[in-house]
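The block underneath contains the structure these notes are about, expressed in structure tokens.
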Amino acid sequence: MAVSLDKAALRRKMRQLRHDQPREAALERSAGAQALILFSSLWQKARTVALYMPIQGEIGTDLLFRDAIARRKELYLPRVVPGRRGAMFFVRVSGPEDLVSGAYGIMEPKPSLKGVGGADFHPDFAVVPGLAFDWRGRRLGFGGGYYDRFFAGRTGSACALVGLCYDFQTVGQVPAAPWDVRMTHVCTETRFSATEQD
């Protein structure tokens with residue numbers, strides 16, 4: 154119960170902080186964080202990448218999206234599975250023309266495009282959204298469990314799971330449950346670093 158209460162309070166705090174930051178600051182911080190990824194060897198070597206489309210003040214992925222297309226990387230975005238709570242697929246896209254407004258108002262791949270399930274999806278680099286992260290790789294999402302379910306059992310995988318967030322979204326310790334998937338890296342506008350795994 155205490156973990157649930159801690160998570161709820163942290164979610165409220167982070168939503169408020171994201172809401173309160175000036176738009177200009179958000180855009181500048183977003184560009185800074187994405188630049189750290191773009192210039193990293195991990196991103197440059199990756200052939201298959203997974204991104205998210207931001208919503209509700211999440212840090213942007215627009216520069217990564219454009220770079221992936223320009224470099225002809227295999228680019229995948231998530232699509233929620235209708236009627237299945239916490240379930241999603243990743244879908245290969247070629248550009249903005251492959252996107253429509255989907256669940257929760259998030260831009261996602263068209264329903265006509267085939268999705269790939271967790272067991273069959275092995276990206277080199279996956280960018281993951283969240284409300285809070287710590288530098289041990291713990292992540293606090295919105296509570297739907299989509300990313301935890303999809304990336305469950307990835308321990309030892311070669312995929313770089315990168316939590317992308319504003320600096321103020323990093324905390325000393327995120328309250329986590331045993332089934333919460335750990336990030337291998339966290340990136341903010343000031344730092345892109347591998348996490349300290351237990």
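Anchor point for the sequence shown: position 52 equals 205 in this note's numbering, and the numbering is continuous, going up by one each time. The beta-carbon is built from N, C-alpha and C at its ideal position, and this holds for glycine as well.
Asked                                                                                                                                                                    : Found
Are the Cβ atoms of methionine 260 and glycine 290 separated by less than 8 Å?                                                                                           : no
For the candidate residues Leu230, Ala330, Pro331 and Ala311, whose alpha-carbon lies nearest to that of histidine 338?                                                  : Ala311
For alanine 347, I'd like the list of residues in its chain whose CB is within less than 8 Å of its CB, leaving aside the five on either flank, ordered along the chain. : Thr337 and His338
Return the first residue and the last residue of the beta strand (DSSP E) that glutamate 181 is part of.                                                                 : Premise fails: glutamate 181 lies in the alpha helix (DSSP H), 176-191, not in any beta strand (DSSP E).
Report yes if the C-beta distance between glutamine 322 and phenylalanine 286 is below 8 Å; otherwise report no.                                                         : yes
Distance check for alanine 186 and threonine 343, CA to CA, integer angstroms please.                                                                                    : 7 Å
Less than 8 Å separating the beta-carbons of leucine 366 and alanine 279?                                                                                                : Coverage of the chain is limited to positions 154 through 351, which leaves residue 366 absent and any answer about it impossible.
DSSP puts histidine 338 in a beta bridge; with which residues?                                                                                                           : Val315 and Ala347
So, helix, strand or coil for methionine 154, using DSSP?                                                                                                                : Reliability fails at methionine 154, whose pLDDT of 32 lies under 50, so the model's placement of it is uncertain and the value that follows must be treated cautiously. It is coil, neither helix nor strand.
Would you mind reading off the limits of the alpha helix (DSSP H) that contains tyrosine 300?                                                                            : 299-303
With a threshold of 7 Å (Cβ to nearest heavy atom), would histidine 338 be considered close to the ligand GDP?                                                           : Of ligands this structure carries none, so the ligand GDP is not represented either.
Would you identify the three-state DSSP class for phenylalanine 171, choosing helix, strand or coil?                                                                     : Sequence inspection shows arginine at residue 171; the phenylalanine mentioned does not correspond to that position. Helix at arginine 171.
With a 10 Å radius around its C-beta and 16 neighbouring C-beta atoms as the bar for buried, classify valine 253 as buried or exposed.                                   : exposed
Please check the pair arginine 292 and aspartate 333, which I expect to be a contact at CB under 8 Å, by giving their CB distance rounded to whole angstroms.            : 7 Å
Give the secondary structure of alanine 221 by DSSP, where H, G and I count as helix, E and B as strand, and everything else as coil.                                    : helix
Rounded to whole angstroms, how far is the Cβ of tyrosine 205 from the Cβ of leucine 180, which I believe are closer than 8 Å?                                           : No, tyrosine 205 and leucine 180 are not in contact; Cβ-Cβ is about 17 Å, not under 8 Å.
Classify tyrosine 257: buried if its beta carbon has 16 or more other beta carbons within 10 angstroms, exposed otherwise.                                               : exposed
Below 8 Å between beta carbons: does that hold for threonine 201 and glutamate 177?                                                                                      : no
Take the Cβ of isoleucine 208 as the centre, count every other Cβ of all protein chains shown within 10 Å, and call the residue buried at 16 or more, exposed below.     : exposed
Taking the alpha-carbon positions, what's the valine 281 to aspartate 173 distance?                                                                                      : 22 Å
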